[in-house]
């Protein structure tokens with residue numbers, strides 16, 4: 001199971017674009033509302049989450065995804081249960097993925113130490129211990145996948161697919177989506 005954490009103030013494009021691509025690839029993804037079922041993003045777009053944080057089944061976890069957006073990142077940081085779920089994923093060899101300001105949470109937890117990562121320009125100072133790859137839209141280093149920004153949400157989504165279903169499936173979805 002793939003879980004995408006949605007906290008109040010998340011960046012909508014960084015959530016919806018990867019979510020759409022993952023589901024097109026036949027990957028089961030549930031959106032998880034940190035502060036309840038209806039979550040409002042940074043541009044006041046309401047999303048009805050599939051489940052709430054207390055309904056996550058960590059024993060079924062394959063990947064956890066953190067969209068950016070400063071409010072969304074702050075919501076995740078403020079939730080001990082969300083932070084524990086991210087730690088659980090990492091400690092159990094599951095994929096941890098984050099985009100924009102989201103990778104700063106992974107850095108705070110030590111997950112990106114010694115890993116090649118990218119993040120929103122200007123957040124690099126919060127990525128202590130990571131090896132910056134700011135010229136890339138998205139990058140995977142082991143079980144850590146990071147993306148740069150909302151404008152990189154599609155390459156980030158395709159990287160998530162490649163991690164879970166292989167590069168061929170990612171390329172096929174990209175072709176159907178007409179990525180040039």
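Numbering (our numbering), first residue to last: 1 to 180.
C-beta atoms are modelled at their ideal positions from N, C-alpha and C, and glycine is treated no differently.
Quiz item: Given residue 82, which residues of its chain have a CB within under 7 Å of its CB, disregarding the five upstream and five downstream residues?
Solution: Answer for residue 82: 5, 34, 53, 76, listed in chain order.
Quiz item: Based on Cα-Cα distance, which residue from 67, 62, 32 lies nearest to residue 51?
Solution: Measuring from the Cα of residue 51, the nearest candidate turns out to be 32.
Quiz item: To which residues does DSSP link residue 40 through a beta bridge?
Solution: Paired residue(s): 46.
Quiz item: What is the rounded straight-line gap between the Cα of residue 69 and the Cα of residue 142?
Solution: Roughly 24 Å between the two C-alpha positions.
Practice problem: Enumerate in chain order the residues of its own chain whose CB-to-CB distance from residue 48 is below 7 Å, with the five nearest sequence positions on each side excluded. | Solution: Excluding positions up to five away in sequence, the list reads 37, 38.
Quiz item: Using a Cβ-Cβ cut-off of 8 Å (strictly less than) and excluding sequence neighbours within five positions of residue 93, which residues of its own chain qualify?
Solution: Once the five neighbours on either side are set aside, the close Cβ partners of residue 93 are 143.
Quiz item: Which value, in whole angstroms, describes the spacing of the CA atoms of residue 118 and residue 108?
Solution: Straight-line measurement puts the Cα of residue 108 at about 15 Å from the Cα of residue 118.
Quiz item: Would you call the CB atoms of residue 186 and residue 116 closer than 7 Å?
Solution: Since the displayed the chain opens at 1 and closes at 180, residue 186 lies outside it and no answer follows.
Quiz item: Are the beta-carbon atoms belonging to residue 173 and residue 23 less than 7 Å from one another?
Solution: Going by C-beta atoms, residue 173 is not nearer than 7 Å to residue 23.
Quiz item: Roughly how many whole angstroms lie between the Cα atoms of residue 136 and residue 99?
Solution: Using only the alpha carbons, I get a separation of about 12 Å.
Exercise. Compute the Euclidean distance between the alpha carbons of residue 165 and residue 73, then round it to the nearest angstrom.
Key: Roughly 27 Å between the two C-alpha positions.
Self-check item: Anticipated Cβ contact below 8 Å, residue 104 with residue 123, distance rounded
Solution: Sure, about 5 Å apart at Cβ, within 8 Å.
Practice problem: Mind checking who residue 31 pairs with in its DSSP beta bridge? | Solution: Answer by DSSP bridge pairing, in chain order: 4.
Quiz item: With C-beta atoms as the reference, is residue 89 less than 7 Å away from residue 64?
Solution: A contact, by the Cβ cut-off of 7 Å.
Quiz item: Since residue 157 contacts residue 17 with CB under 8 Å, what's their CB separation in whole angstroms?
Solution: Contact flag correct, Cβ pair sits at about 6 Å.
Quiz item: Which value, in whole angstroms, describes the spacing of the CA atoms of residue 159 and residue 179?
Solution: Taking the straight line joining both Cα atoms gives about 13 Å.
Quiz prompt | For residue 153, the first and last residue of its enclosing alpha helix (DSSP H) | solution = Segment 153-165, the alpha helix (DSSP H) holding residue 153.
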